[in-house]
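Heads up: the sequence shown begins at -1 in our numbering, then just goes up one per residue.
Glycine included, every Cβ here is placed at the ideal spot set by N, Cα and C.
As the structure is a prediction and not an experimental result, all values here were calculated from the model.
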Amino acid sequence: MMKTLFSFLMIFCFLLGFGQKKSKKWEGASFEEIECNRFVEQLNKRNLPLIKEAEKINFKKIDKLIFKEIENYQFDKDSLIIFIEVCRNNHCGYPCMLNHKIFYPNYSEYEFWNSKNISKLSKKLSKKVKLLEIYSLTETKVDDSKNSLCLEFINLKEKIIVVKYIFDKNLIHYKTYQYQNKNWVEIPTTQEHEF
């Protein structure tokens, strides 16, 4: 009886170990690398329709709508701090370094805040503009949160971009834009657009 039980356990352990063998695709990778690669594969699958849509979109035209919204806000001082959050939407806790393009494949704050747009904003507002990359807006220690601006973008299907405007680190509002007939138009922001 004991011999039979021992034999059964040996066969069971052998089969269990054989079943746990890593696939060749992940051979030699750490658990973190495997998880990261799976996550990237999921995002790439999600992004594929967005990237295909982007081939027919002119993203430069959306800048005018974004500038218009920024100009409507009354900034107090002579200078403006623009925050770019390096870590947002809870993706920084991931065990691998990921390019922002994996999360925002078509258009994001990194495309919007180019030197031309910063210069244009500075002229339009008649203010000195300083761009500051920070880890997280909620954790920043910058004293001068007044006269600050942070934009966050999300790309959605059907040629939609949602922009989250954060003025002075606490006034938040959303605008949703859709590319229709070779132009960007504002559409109503629904609760599902907010992030």
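{"Check": "Nearest-angstrom Cβ-Cβ length linking residue 68 and residue 147, presumed shorter than 8 Å", "Outcome": "7 Å"}
{"Check": "Residue 11 versus residue 41: straight-line alpha-carbon distance, rounded", "Outcome": "Bear in mind that a pLDDT of 48 at residue 11, under 50, signals an unreliable position, so the model cannot answer this."}
{"Check": "Boundaries (first-last residue) of the alpha helix (DSSP H) holding residue 108", "Outcome": "107 to 110"}
{"Check": "Inter-residue CB distance, residue 184 and residue 63 (contact presumed, cutoff 8 Å)", "Outcome": "6 Å"}
{"Check": "Inter-residue Cα distance where the pair is residue 187 and residue 126", "Outcome": "31 Å"}
{"Check": "Helix, strand or coil at residue 183 [DSSP, three-state]", "Outcome": "strand"}
{"Check": "Euclidean distance between Cα positions of residue 106 and residue 162", "Outcome": "11 Å"}
{"Check": "Cβ distance (whole Å) where residue 135 is taken to contact residue 164 below 8 Å", "Outcome": "7 Å"}
{"Check": "Contact under 7 Å by Cβ, residue 153 with residue 104", "Outcome": "yes"}
{"Check": "Unbroken stretches of the alpha helix (DSSP H), 4 residues or longer, contained in the region 26 to 72", "Outcome": "29 to 52, 60 to 69"}
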